[in-house]
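Asker:
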Amino acid sequence: MSETSETLVLVERHAGYRVLVLNRPDRLNAFNEPLHLALRAALGEAAADPDCRALIVTGAGRGFCAGQDLSARNFAPDVEPDLTRTLEAFYNPLVRQIRDLPMPLICAVNGVAAGAGASLAFHGDLVLAARSAKFLQAFAKLGLIPDAGGTWLLPRLAGRARARGMALLAEPINAEQAEAWGMIWRVIDDADLMAEAHRLAAHLASQPTYGLALIRRALDASETNDLDAQLAVESELQGEAGRTPDYREGVAAFLEKRPARFTGRRR
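Counting along the sequence shown from 1, when you hit position 131 you're at 131 in UniProt numbering, and nothing is skipped either side.
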């Protein structure tokens, strides 16, 4: 089957959430330019749908995402590759789009996540990994540096020493290591991975979606703020959260001792 935007990212619609499946299983779902465009389009459509209040991203076949498809690199002998263009045209916009999503993102890592594929997984708000999954920063084997936000993510997730070990040695770590190091939310038995991802997505889809997006903004800001700056961020974002109908509904549900019926709306 020829690759089209419809086949490169499969979209499953469920009540309150969507599942996006990277679908180049013969290439371990490695990125080429059409896959970038298809994923960004699918993310944009989900973000624009007020009924979509959570997202799952996973991979078809035995891998999550093997990073850049190196078979797409055709080097002319007299032309230097322009990887700056690749990052600025494809990877960086994708990362920014993911970080700006108005709903939580669950990454269900069903197999190998390598290079930019590992970075994609780590950008998830909640990362579930099958017990057989592995994470690999393979850039050093090509003389490159981690990208797609990898140099920003690794020290924050794993700490300075582990980040350098992963980046410099390019050795895979398994799902249990990633969980023990605090890099992912949870390891799940392979057979149960997607069921748990669906359970979490259904739960998140019933929650105050805009408030959850504000939580992400606050936590992201804390990575570089000192305490005073972060207190200011909390004041601003808590003010926004307090003006949502979901805050009123949450308080009313608490006082009336009943389950809350959140809409996820900003206004």
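The beta carbon of each residue, even a glycine, is placed where N, CA and C say it ideally should be.
Where does the unbroken beta strand (DSSP E) through residue 58 begin, and where does it stop?
Answerer: Annotation: the continuous beta strand (DSSP E) that includes residue 58 extends over 55-59.
Asker: Considering only residues of the same chain and omitting the five flanking positions on each side of residue 167, which have a CB-CB separation below 8 angstroms?
Answerer: Excluding positions up to five away in sequence, the list reads 137, 139, 140, 145, 146, 150, 151, 154.
Asker: What residue range is occupied by the uninterrupted beta strand (DSSP E) comprising residue 129?
Answerer: Per DSSP, residue 129 belongs to the beta strand (DSSP E) from 126-130.
Asker: Cα separation between residue 36 and residue 60?
Answerer: Going from the Cα of residue 36 to the Cα of residue 60 covers about 16 angstroms.
Asker: So for residue 207, helix, strand or coil by DSSP?
Answerer: Looking at residue 207 - three-state DSSP - the assignment turns out to be coil, as it is neither helix nor strand.
Asker: Looking only at its own chain, which residues have a Cβ that is under 7 angstroms from the Cβ of residue 266, when we skip the five neighbours before and after it?
Answerer: 210, 244
Asker: The beta strand (DSSP E) that contains residue 17, what's its start and end?
Answerer: 17-22
Asker: Between which two residues does the beta strand (DSSP E) holding residue 136 run?
Answerer: Counting along the chain, the beta strand (DSSP E) containing residue 136 begins and ends at 134-136.
Asker: Going straight from the alpha carbon of residue 298 to that of residue 14, what length do you get?
Answerer: No answer is possible for residue 298: it lies beyond the span of the chain, which begins at 1 and ends at 267.
Asker: Would residue 264 and residue 53 be called neighbours here (beta carbons separated by less than 8 angstroms)?
Answerer: yes
Asker: Only counting the same chain, and skipping five residues up and downstream in sequence, which positions put a Cβ closer than 7 angstroms to that of residue 88?
Answerer: none
Asker: If you count every other CB in all the chains shown that lies within 10 Å of the CB of residue 79, and 16 or more means buried, which is it?
Answerer: exposed
Asker: So, using beta-carbon positions, are residue 202 and residue 16 closer together than 8 angstroms?
Answerer: yes
Asker: In chain order, what residues of the same chain have a beta carbon less than 8 angstroms from the beta carbon of residue 257, not counting five sequence neighbours either side?
Answerer: none
Asker: Taking the alpha carbon of residue 97 as the reference point, which residue from 207, 42, 160 has its own alpha carbon closest?
Answerer: 42
Asker: Tell me which residues share the same chain as residue 25 and place their Cβ nearer than 6 angstroms to its Cβ, disregarding the 5 neighbours each side in the sequence.
Answerer: 60, 61
Asker: With DSSP as the reference, label residue 117 as helix, strand or coil.
Answerer: helix
Asker: With a threshold of 7 angstroms on Cβ separation, who are the neighbours of residue 200 within its own chain once the five nearest residues in sequence on each side are excluded?
Answerer: 106, 126
Asker: For residue 169, which option in 142, 193, 224, 186 has the closest C-alpha, if you only look at C-alpha atoms?
Answerer: Closest option to residue 169, Cα to Cα, is 142.
Asker: Based on Cα-Cα distance, which residue from 174, 27, 176, 182 lies nearest to residue 159?
Answerer: It is 182 whose Cα lies nearest to the Cα of residue 159.
Asker: Does the separation of the CB atoms of residue 277 and residue 120 fall below 8 angstroms?
Answerer: Outside the shown range of the chain, which is 1 to 267, sits residue 277, and nothing can be said about it.
Asker: Would you tell me roughly how many angstroms separate the C-alpha atoms of residue 51 and residue 104, rounded to the nearest one?
Answerer: 13 angstroms
Asker: Of all the beta strand (DSSP E) runs that stay within the bounds of the region 146-198, which reach a length of 3 or more residues?
Answerer: 186-188
Asker: Output the boundary residues of the alpha helix (DSSP H) element that contains residue 14.
Answerer: No alpha helix (DSSP H) contains residue 14, which is instead part of the beta strand (DSSP E) from 9-14.
Asker: Comparing the CB of residue 90 with every heavy atom of the ligand ATP, is any distance shorter than 7 angstroms?
Answerer: The ligand ATP is not part of the structure shown, which contains no ligands of any sort.
Asker: Which residues in the same chain have their Cβ closer than 7 angstroms to the Cβ of residue 218, if we skip the five residues on either side of it in sequence?
Answerer: 233, 234, 237
Asker: To the nearest angstrom, report how far apart residue 254 and residue 204 are at their CA atoms.
Answerer: 19 angstroms
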